Amino acid sequence: EPNYLQIRKLVEAVSSAKKPVILAGAGVLHGKASEELKNYVEQQQIPVAHTLLGLGGFPADHPLFLGMAGMHGTYTANMALHDCDLLISIGARFDDRVTGNLKHFARNAKIAHIDIDPAEIGKIMKTQIPVVGDSKVVLQELIKQNGKQGDSSEWKKQLAEWKEEYPLWYVDNEEEGFKPQKLIEYIHQFTKGEAIIATDVGQHQMWSAQFYPFQKADKWVTSGGLGTMGFGLPAAIGAQLADKDATVVAVLGDGGFQMTLQELDVIRELNLPVKVVILNNACLGMVRQWQEIFYEERYSESKFASQPDFVKLSEAYSIKGIRISSEAEAKDKLEEALTSKEPVVIDVRVAREEKVFPMVAPGKGLHEMVGVKP
6 EPNYLQIRKL
16 VEAVSSAKKP
26 VILAGAGVLH
36 GKASEELKNY
46 VEQQQIPVAH
56 TLLGLGGFPA
66 DHPLFLGMAG
76 MHGTYTANMA
86 LHDCDLLISI
96 GARFDDRVTG
106 NLKHFARNAK
116 IAHIDIDPAE
126 IGKIMKTQIP
136 VVGDSKVVLQ
146 ELIKQNGKQG
156 DSSEWKKQLA
166 EWKEEYPLWY
176 VDNEEEGFKP
186 QKLIEYIHQF
196 TKGEAIIATD
206 VGQHQMWSAQ
216 FYPFQKADKW
226 VTSGGLGTMG
236 FGLPAAIGAQ
246 LADKDATVVA
256 VLGDGGFQMT
266 LQELDVIREL
276 NLPVKVVILN
286 NACLGMVRQW
296 QEIFYEERYS
306 ESKFASQPDF
316 VKLSEAYSIK
326 GIRISSEAEA
336 KDKLEEALTS
346 KEPVVIDVRV
356 AREEKVFPMV
366 APGKGLHEMV
376 GVKP
């Protein structure tokens with residue numbers, strides 16, 4: 006049972022806040038509290054930002070959704086966390102990838118932290134309103150209290166301006182190669198946004214988080230806390246076994262795929278219709294990006310001089326393999342591959358030099374993002 010005195014304090018804080026924001030993490034999903042979160046947000050009209058692992062806990066097309074926060078979060082979500090006067094964290098642990106430099110994080114805000122694990126509260130951020138409890142139970146109680154909304158009309162206006170001024174972007178120039186962001190948009194289009202997306206770790210993971218809008222809970226399987234390369238393919242197998250009828254797409258980098266590619270044997274043996282999409286940029290993309298930006302392009306062990314033919318490799322496992330090298334080929338081949346009843350490995354040659362933006366550099370605050378505009 007949550008502490009009702011603390012819940013009362015939170016209700017009062019919301020009623021007096023001019024710039025409230027909710028940071029919703031994986032605890033919302035673990036607590037099966039997506040519906041309660043939506044109901045509470047609509048009752049109180051508080052904008053929501055997600056952590057990487059919280060995606061899907063709140064519908065991405067909702068007008069109060071600000072996007073993912075953190076190192077590769079949206080400008081609006083990050084500026085909301087920076088400028089807010091009340092931050093309500095629900096099932097999130099203030100990981101450094103979300104907060105950036107702590108001395109700048111939510112520095113003018115009263116912090117309310119709802120978490121089932123008391124050890125997480127106050128560990129990273131000084132918390133004025135600690136609420137130990139299950140996210141679903143706490144949100145149900147907050148809805149029941151039906152507190153007075155604060156006047157946040159100016160805040161909403163500001164957020165709407167940021168949203169319009171600084172959307173997620175990429176330069177759609179195919180001379181540089183097929184853009185990976187565009188590929189993710191096609192995957193979203195051809196799966197009607199209904200797929201379970203399991204990713205590995207790296208650039209492709211961030212592009213999936215940015216450009217595949219999740220409307221529902223439990224459609225996003227990724228390694229956030231540990232950030233384990235090689236996770237994506239076995240995770241997709243697990244998701245397909247858990248939901249036989251789902252379209253499951255493993256979105257992988259060519260580096261991470263080669264760490265657990267032998268799991269193709271399990272896919273073939275169990276005849277699981279997993280779709281394996283490899284964003285093949287012939288490098289460890291995130292490492293390459295950091296070496297370009299922070300190490301004056303001194304590339305070390307991040308570019309692959311050679312790699313196997315992934316189409317032949319998948320055929321060696323008796324799984325169909327196809328290759329896509331352009332947008333025209335994606336339009337031609339991708340939908341059929343993603344809607345097939347069989348497993349397929351799709352080797353997509355994407356632009357090698359593409360970077361994930363926006364980006365908060367190590368040691369910087371969320372308001373110091375780079376790459377917020379073309």
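For my numbering, add 5 to where a residue sits in the sequence shown, where the first one is 1. Glycine included, C-beta positions come from ideal geometry on N, C-alpha and C. This one's a predicted model, so the numbers in the text were calculated from it and none came from an experiment.
Taking the C-beta atoms as reference points, H209 is found nearer than 8 Å to L257. Shown here, D270 sits in a helix according to DSSP, grouped into three states.
Counting only residues of its own chain and dropping the five nearest sequence neighbours on each side, K336 has a CB closer than 8 Å to the CB of Y191.
Rounded to the nearest whole angstrom, the C-alpha separation of G260 and A82 is 30 Å. With a threshold of 16 other beta carbon atoms within 10 Å, A321 falls short and is exposed. In this structure N285 does not touch V375 by the C-beta definition: roughly 26 Å separates them, more than the 8 Å allowed.
Taking C-beta separations shorter than 6 Å and ignoring five residues to either side along the sequence, the partners of V377 in its chain run Y80, Y171, P363, following chain order. R98 and V281 have their alpha carbons spaced roughly 31 Å apart. Boundaries around M84 are those of the alpha helix (DSSP H), 80-88, since no beta strand (DSSP E) includes it. The Cβ atoms of V292 and M76 lie no closer than 8 Å to each other. Nearest C-alpha to E332 among K221, E306, L289, E179: E179.
By the C-beta criterion, the region 242-251 is judged not to be in contact with the region 303-316, since fewer than 3 inter-stretch pairs fall below 8 Å.
Per DSSP, the unbroken alpha helix (DSSP H) holding G243 starts and ends at 237-247. The criterion of a C-beta distance shorter than 8 Å is satisfied by V137 and D120.
Under the three-state reduction of DSSP output, H67 falls in the coil class, being neither helix nor strand. Counting only residues of its own chain and dropping the five nearest sequence neighbours on each side, K149 has no CB closer than 7 Å to any other CB. A direct Cα-Cα distance of roughly 8 Å separates A18 from K115. Membership of I189 in the alpha helix (DSSP H) is indicated by the continuous run 185-195. Taking every protein chain shown into account, the CB of E341 has fewer than 16 other CB atoms within 10 angstroms, so this residue is exposed. Taking each of S330, G235, P64, V16 in turn and checking the Cα distance to V33, the smallest one comes out for P64. Every beta strand (DSSP E) of 3 residues or more that sits fully in the region 32-64 is shown, in chain order, as 53-55. The three-state secondary structure of D352, taken from DSSP, is strand. In the displayed model, M291 falls within a helix according to three-state DSSP. In the three-state DSSP reduction, S20 falls in the helix class (H, G or I). The C-beta distance from L371 to G105 rounds to 5 Å, short enough to fall under 8 Å.
Beta-bridge partners assigned by DSSP to N151: none are found. W160 and D100 have their C-alpha atoms spaced approximately 25 Å apart. For A117, same chain residues with a beta-carbon under 6 Å away, outside a window of 5 residues either side, are L15, I93, I134 in chain order.
Residue range 25-29 is occupied by the beta strand (DSSP E) that includes A29. Y304 and V361 have their C-alpha atoms roughly 17 Å apart. For a cut-off of 8 Å, the C-beta gap from L86 to F110 is around 7 Å, short enough to register as a contact. By the CB criterion at 8 Å, L58 and G182 fall outside the cutoff.
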